[in-house]
Each structure stands twice: as C-alpha cells, then as structure tokens.
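**Q**
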Amino acid sequence: MDLGSLFILLALLIFVAAFIARPLMDRRAVEVSKEEQTLSTWLARRDRVIDALQELDFDYKLGKIPEIDYPSQRATLLQQGADILKHLDTLQPQHPHAQDTLEAAITARRMQATGNGTSTAPISMPDDDIETLLATRRRARKSKFSGFCTQCGHPIQANDKFCSKCGAKA
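Residues in the sequence shown are numbered from 0 upward in steps of one, following numbering that gives the first Met the number 0.
1) Using a 10 Å radius around the Cβ and a threshold of 16 neighbouring Cβ atoms, would you call LEU76 buried or exposed?
2) Do LEU38 and LEU90 come within 7 Å of each other at the CB atom, strictly closer than that value?
3) Does the separation of the CB atoms of LYS160 and CYS151 fall below 7 Å?
4) At what residues does the beta strand (DSSP E) containing PRO226 begin and finish?
5) By the three-class DSSP mapping on this structure, what secondary structure does SER32 have?
6) Could you give the first and the last residue of the continuous alpha helix (DSSP H) run that contains ALA167?
7) Inspect the CB distances between the stretch 13-33 and the stretch 65-73 and report whether three or more fall short of 8 Å.
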C-alpha cells in the first residue's frame with residue numbers, strides 16, 4: 000500500500016467513527032416532571048397488580064393454588080388494585096368537558112385532512128375498495144356450494160376438483 004491509500008483509509012475510518020459516535024456524544028436528556036414520574040410509577044404498580052391477578056387466576060385454574068388460599072390472595076390483590084386506582088384518580092382529575100375536547104380534536108383533524116376545512120365527511124380509508132371487493136368475492140364464493148366430500152365429509156365448492164381437507168377427487 001502506498002501512503003495515499005493509507006491516508007484515505009484513515010480519513011474513512013475517522014469519518015465512520017465520528018458517524019457512529021455522534022449519537023453517543025449528543026446529551027439530549029428528556030426532561031420529565033415530578034408529576035409525570037409519579038404518575039408513571041403508579042401506572043406501573045397498577046399493571047403489576049393486574050398481571051399478578053391474571054397469574055393468580057391462571058394458577059388457580061391449573062390447580063397450583065389451594066382453594067383455601069385463593070379467595071384471600073385475590074381479595075388482597077383486588078384491594079391493592081382499588082387503592083392504586085383511587086390514588087390514580089387523585090393524580091388524574093377527570094375534566095367534565097373531556098368528551099367535548101375530544102370531539103373538537105377529531106373535527107379539527109378531519110378538517111386538516113380535507114385541506115380546505117369545508118367538508119366534515121368521514122375520511123375514506125384507502126383499503127375500503129379492497130375490503131368491498133373481498134366482501135363481494137366471499138359472498139359469491141359462499142353461494143357456489145356443491146356438496147360434501149365422499150371420503151371425509153368436508154364441504155366442497157362447485158369449482159373444486161379435489162377436497163381441500165383430505166385431497167380426494169371430488
């Protein structure tokens with residue numbers, strides 16, 4: 000190798016190292032308020048209690064937990080869950096006009112999607128045409144029933160040459 004290719008290789012190596020190290024050098028920390036952190040903690044506690052209840056019910060159905068212990072453990076977990084939900088209700092006060100705010104946000108989103116804001120018709124999804132074609136094809140296919148397979152009794156369509164279940168000739 001000559002000296003020029005070594006310098007090119009070194010420059011390329013420095014460029015790649017800088018590109019890889021750039022995210023590590025950025026110190027963009029997301030500021031989380033104390034209220035958000037507290038709310039997140041209580042939501043995690045709620046999720047843990049729900050998971051524990053689901054596991055307890057599953058273990059009881061499998062017979063791993065005796066019938067004597069199950070009601071007391073379930074009542075304890077339900078009480079913990081109720082306490083957590085009460086505390087979450089105090090942290091998240093319900094606004095009386097939350098539904099109106101939600102409806103206004105939906106209307107604003109629809110107006111942005113239509114462009115000029117004059118139409119409030121629902122936004123049609125691009126998959127609606129495909130869904131209607133599939134529905135008509137399914138309806139047409141259901142109407143062409145011709146009988147049952149002589150080998151296994153599986154329903155056979157009019158255009159089937161072989162049974163879709165056992166492979167016997169129709």
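A virtual CB, placed ideally from N, CA and C, is assigned to each residue, including glycine. Here the structure is a predicted model, which is why all the values come from computation and not from measurement.
**A** The relevant details are as follows:
1) Stepping through the sequence shown from its first residue, residue 76 is reached at position 77. Looking at its Cβ environment, which holds 16 or more other Cβ atoms inside 10 Å, LEU76 is buried.
2) For the purposes of this step, residue 90 is taken as residue 91 along the sequence shown, with counting starting at 1. For the purposes of this step, residue 38 is taken as residue 39 along the sequence shown, with counting starting at 1. In contact: LEU90 and LEU38 (Cβ atoms closer than 7 Å).
3) By 1-based counting over the sequence shown, the position of residue 160 is 161. By 1-based counting over the sequence shown, the position of residue 151 is 152. No, Cβ-Cβ distance for LYS160 and CYS151 is not below 7 Å.
4) Since the first residue of the chain shown is 0 and the last is 169, residue 226 is not available in this structure.
5) Counted from its first residue, the sequence shown places residue 32 at position 33. It is coil, neither helix nor strand.
6) For the purposes of this step, residue 167 is taken as the residue at position 168 of the sequence shown. Neither: ALA167 is in no alpha helix (DSSP H) and is coded neither H nor E.
7) no
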